[in-house]
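In full-length UniProt numbering, the protein residues as written are 1 to 348.
Glycine is no exception: its CB is placed at the ideal position from the N, C-alpha and C atoms.
Bear in mind the structure is a predicted one, so any value in this text is a computation, not a measurement.
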């Protein structure tokens, strides 16, 4: 056998070996890629994404698309080395350490359950924000969704308990309760005033130091809103809180005369709170790619994501900064009418 043939044979064997190893070797990374989009004023599976009953609604046009990030990998389904390498080469995806998506303190199932709860919360926050913008009154309560096994709340608080006060101070939202708990020094007790069925109780729970040093008791909560009419949101298998802004805009568009989009294809992202404040999200680069592929020309961007978004904005996509629902509505009005200022993202 000639030296050249031998070299080719050895090289081929090495390539084959590396290929087999790459296909079977699991690595602790997660691949993030552009996910599907959903038009919040459209339909999914032949059902309206947003259905409103008990209140007059108005025709809409154009699109108000929420955007998502798809992921491959996780503790129970690790990706192989070749998948990670392809992700590192592809500029439209991101490859991140598994621990950034699935912290060591939480299982993949726990993370997915949290995403489901966050989506439910974001839908309620979106409804509340839209009604706040329209000055339509509503009431709230916060209930326990679950407790974490082995944490102090386990066995003391129960699913369905409504929390009305923490440390003797009334609270009305999930964030207020979380902040009240975080303000307690880890190791000290905190007392929750709750309604359990027909009973009103004070339940004292020890605290512990959680991830990042924050004080926790080990429970998941969900706001229960009592709205004057029914708003149902249907998005299928989508989790997390980042669609809040787009849900709010979709609800507003249906509840008000005229059309927010002016027939344009608008996409966007951002968490929302009941006051209408827009918060940052993850995966902005992948979400912009997904929006542009779906035909969007305008992308509503949380102010705190603007600098990152400017570094990866696809051609043909205009970034519009959003700090609040009210500002987003004003920006869409300005885009539609050509009057007024449209807040733009900047790199600074």
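Burial state of residue i (16 or more Cβ within 10 Å)
| i | result |
| --- | --- |
| residue 23 | Only weak support exists for where residue 23 lies, its pLDDT of 49 falling under 50; the coordinates are left without a value. |
| residue 191 | exposed |
| residue 59 | exposed |
| residue 149 | exposed |
| residue 341 | exposed |
| residue 287 | buried |
| residue 88 | exposed |
| residue 134 | exposed |
| residue 146 | buried |
| residue 43 | exposed |
| residue 161 | buried |
Strand pairing of residue i, partner residues [DSSP]
| i | result |
| --- | --- |
| residue 268 | 66 and 300 |
| residue 279 | 271 |
| residue 39 | 65 |
| residue 259 | Looking at the DSSP assignment, residue 259 forms no beta bridge with any residue, so it has no partner. |
| residue 137 | According to DSSP, which records beta bridges pairwise, residue 137 is partnered with nothing at all. |
| residue 201 | 194 |
| residue 72 | 31 |
| residue 189 | 206 |
| residue 122 | For residue 122, which the question treats as bridged, DSSP gives no partner whatsoever. |
Minimum C-alpha distance to residue i - residue among the options
| i | options | result |
| --- | --- | --- |
| residue 244 | 289, 338, 65 and 156 | 65 |
| residue 51 | 250, 284 and 338 | 250 |
| residue 337 | 167, 286, 295 and 258 | 258 |
| residue 226 | 84, 90, 47 and 136 | 136 |
| residue 290 | 27, 33 and 49 | 33 |
| residue 323 | 295, 344 and 61 | 344 |
| residue 231 | 217, 253 and 238 | 253 |
| residue 73 | 91, 48, 57 and 100 | 100 |
| residue 189 | 168, 321, 131 and 114 | 168 |
| residue 187 | 98, 35, 347 and 208 | 208 |
| residue 172 | 199, 157 and 128 | 128 |
| residue 54 | 255, 63, 204 and 119 | 255 |
| residue 71 | 282, 294, 298 and 329 | 282 |
| residue 153 | 138, 178 and 219 | 219 |
The alpha helix (DSSP H) enclosing residue i, as first and last residue numbers
| i | result |
| --- | --- |
| residue 222 | That residue, residue 222, is in no alpha helix (DSSP H); its beta strand (DSSP E) goes 219 to 226. |
| residue 83 | 81 to 89 |
| residue 53 | Where residue 53 is concerned, there is no enclosing alpha helix (DSSP H), although the beta strand (DSSP E) it sits in stretches over 50 to 53. |
| residue 181 | 174 to 182 |
| residue 347 | Counting along the chain, residue 347 falls outside any alpha helix (DSSP H), and DSSP gives it neither H nor E. |
| residue 309 | 306 to 310 |
| residue 100 | 98 to 101 |
N- and C-terminal bounds of the beta strand (DSSP E) containing residue i
| i | result |
| --- | --- |
| residue 332 | No beta strand (DSSP E) holds residue 332; the alpha helix (DSSP H) holding it covers 325 to 337. |
| residue 164 | 162 to 166 |
| residue 321 | 318 to 322 |
| residue 285 | Run containing residue 285: none in the beta strand (DSSP E); it sits in the alpha helix (DSSP H), 284 to 293. |
| residue 230 | 230 to 233 |
is_contact[residue i, chain B] using C-beta, thresh 8 Å
| i | result |
| --- | --- |
| residue 35 | Checking the listed chains, one finds no chain B in this structure; it contains a single protein chain. |
C-beta contact flag for residue i and residue j at 8 Å
| i | j | result |
| --- | --- | --- |
| residue 93 | residue 30 | no |
| residue 184 | residue 140 | no |
| residue 270 | residue 242 | yes |
| residue 294 | residue 312 | no |
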